[in-house]
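Below is one structure, written out as structure tokens; the observations come after it.
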Amino acid sequence: MSEAVQSSPLTEREFKGYQRLVYREAGIWLSPAKKALLVGRVARRLRELGRLSLGAYLRRVEEDEAERLRLLEALCTHETHFFREPRHFELLEREVLPRWRARGDTGSGEGRRVRVWSAGCSTGEEPFSLAMVLRHHLPAAEGWDIQILATDLSTCVLERARQALWPVEKAEEIPKHYLRAYMLRGVGSQEGRMKAGPELRALVRFQRVNLNDDDGMVGRFDLVFCRNVLIYFDAASRARAVERLLGHLSPHGLLFLGHAESLSGQGWQVRTVMPTVYAPRLPAGEVARRG
Ligand SMILES: C[S@@+](CC[C@H](N)C(=O)[O-])C[C@H]1O[C@@H](n2cnc3c(N)ncnc32)[C@H](O)[C@@H]1O
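Residue numbers for the sequence shown follow our numbering, so the first one is 247 and each next one is one higher.
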């Protein structure tokens, strides 16, 4: 147990204060089982701030937006991998992209234009996996215009994603032909790292979007990936986020969720393409809200 914890245990009232704040800000519900996680994740910050007590830190985060973001970043799980949940990428390669190619169309009715949203992108492995698959199957030379919007609540992970730089061990997660075609091995001061090549970096842009907020985003996407994010939300904030995600899906688009996330049996106007992959059921322009 850390010094900060020994000198200032978390009272029930303070924990409730953190619970409310984190829920209000991020839609994430800290169950009582998460007490130890909260204490552990802020311990270092409390020491940096001169051994602040958990109660004093709560008052601070309530008043200070930057510190609030820091707290949320510390509490979120940012674990991610390249080509995580491979069957999603297999579905794209086997069915979706060949269909788009056959039509010479993205399905959004706007020619060879593809728009993708990776919501909760963490350090970038997900949007860059998508970039490799899409660029490979939809080449620029054939006029395919691809843009991937990568968003997250945390500015810290977004900054890392923007750098497109990872430890070279992560190369093992990437199929060899994609690795050879799109990743650069660091040399000199970048030894031990791997960087996405310029062709990939040009496809991905980054923006801070809180899925629990009115996102202020515009536009429709042919693919929306929001994987392993909604599991941290309670039912109400999950429903709001799903409505927002579906609202940004083009009528022929697909929504991909994480392996432990499902829309089944919840009244959403969607068709299950395969477990955790959904297509809107409604005619063009309508949002697939709950029935
Ligand atoms: C476990 S990672 C998932 C990364 C990637 N999607 C994947 O499946 O590998 C979850 C990410 O969701 C982000 N997140 C959590 N709450 C969020 C919110 N309210 N709005 C946007 N992003 C959020 C976290 O910052 C974190 O980077």
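Virtual Cβ for every residue (Gly too), placed ideally from N, Cα, C.
Note that the structure is predicted; figures quoted are calculated from it, not measured.
Under three-state DSSP, which class holds Met463? Indexing the sequence shown from 1 puts residue 463 at position 217. DSSP places Met463 in coil when its eight states are reduced to three.
Under DSSP, the beta strand (DSSP E) around Phe502 begins and ends at which residues? Taking the first residue of the sequence shown as 1, we reach residue 502 at position 256. Note, Phe502: beta strand (DSSP E), 495-503.
How is the beta strand (DSSP E) around Ala427 delimited, first residue to last? Within the sequence shown, numbered from 1, the residue matching residue 427 stands at position 181. Looking at the DSSP string, Ala427 is not in any beta strand (DSSP E); the run it does join, the alpha helix (DSSP H), is 422-428.
Quick one: is Arg517 buried, meaning 16 or more other Cβ sit within 10 Å of its Cβ, or exposed? As a first step, residue 517 is located in the sequence shown; it is residue number 271 there, counting from the start. Burial call: exposed.
Residue from Ala387, Met463, Arg316 with nearest C-alpha to Ala272: Here the question's residue 272 lines up with position 26 in the sequence shown. The option with the nearest alpha carbon to Ala272 is Arg316.
Put Cys367 into one of helix, strand or coil per three-state DSSP. Residue numbering aside, residue 367 sits at position 121 when the sequence shown is read from its first letter. Here Cys367 sits in coil by DSSP.
Any heavy atom of ligand 1 closer than 6 Å to the CB of Asp398? Your numbering for residue 398 matches position 152 in the sequence shown. For ligand 1, at least one heavy atom lies less than 6 Å from the Cβ of Asp398.
With respect to the alpha helix (DSSP H) encompassing Leu548, which residues constitute its N-terminal and C-terminal limits? Outside the displayed span of the chain (247 to 537) sits residue 548, for which this structure offers no information.
What three-state label does DSSP hand Ala481 in the structure shown? If you number the sequence shown from 1, residue 481 lands on position 235. Three-state DSSP puts Ala481 in a helix.
Ignore the nearest five residues each way along the sequence and tell me which others in Val414's own chain have a CB closer than 8 Å to its CB. Your numbering for residue 414 matches position 168 in the sequence shown. Around Val414: Arg431, Gly432, Gly438, Arg439, Met440.
Can the beta-carbon of Gly443 be found less than 7 Å from the beta-carbon of Tyr428? Along the sequence shown, read from residue 1 onward, the residue named residue 443 stands at position 197. Along the sequence shown, read from residue 1 onward, the residue named residue 428 stands at position 182. Yes, these two residues count as a Cβ contact at 7 Å.
Compute the Euclidean distance between the alpha carbons of Phe452 and Glu405, then round it to the nearest angstrom. Position 206 of the sequence shown holds residue 452. Position 159 of the sequence shown holds residue 405. Using only the alpha carbons, I get a separation of about 9 Å.
Local Cβ density within 10 Å of Gly366, reported as buried at 16 or more and exposed below that: The count along the sequence shown starts at 1 and reaches residue 366 at position 120. Classification for Gly366: buried.
Measuring alpha carbon to alpha carbon, tell me which of Leu318, Glu311, Glu308 ends up nearest Leu283. Position 37 of the sequence shown, counted from the first residue, corresponds to residue 283. Looking at the Cα atoms, Leu318 is the closest of the given residues.
Does DSSP classify Pro521 as helix, strand or coil? Position 275 of the sequence shown, counting from 1, holds the residue named residue 521. Here Pro521 sits in coil by DSSP.
Across the region 392-412 and the region 488-498, are there enough close Cβ pairs to call them in contact, namely three or more that are closer than 8 Å? no
Helix, strand or coil: which one does DSSP assign to Val488? Within the sequence shown, residue 488 is the residue found at index 242, counting from 1. DSSP places Val488 in helix when its eight states are reduced to three.
Any heavy atom of ligand 1 closer than 6 Å to the CB of Ser375? Taking the first residue of the sequence shown as 1, we reach residue 375 at position 129. For ligand 1, not one heavy atom lies less than 6 Å from the Cβ of Ser375.
For Ala386 and chain C, any beta-carbon pair shorter than 7 Å? Given the protein chain composition of this structure (a single chain), no chain C is represented.
Flag His324 as yes when its Cβ comes closer than 6 Å to any non-hydrogen atom of ligand 1, and as no otherwise. As a working note, residue 324 is residue 78 in the sequence shown. Yes, the beta carbon of His324 sits closer than 6 Å to at least one heavy atom of ligand 1.
Backbone secondary structure at Val360 - three-state DSSP: Counting from 1 along the sequence shown, the entry for residue 360 is found at position 114. Reduced to three states, the DSSP call for Val360 is strand.
Excluding the 5 residues flanking Leu338 on each side, which residues of the same chain have their C-beta closer than 7 Å to its C-beta? By 1-based counting over the sequence shown, the position of residue 338 is 92. Closer than 7 Å at the Cβ level, and outside the excluded window around Leu338, lie Val379.
Is Ser510 close to ligand 1? I mean its beta-carbon at under 6 Å from any heavy atom of the ligand. Looking up residue 510 in the sequence shown gives position 264. No, the beta carbon of Ser510 sits no closer than 6 Å to any heavy atom of ligand 1.
Going by other Cβ atoms of all chains shown within 10 Å of its Cβ, with 16 needed for buried, is Thr522 buried or exposed? Position 276 of the sequence shown, counted from the first residue, corresponds to residue 522. Burial call: buried.
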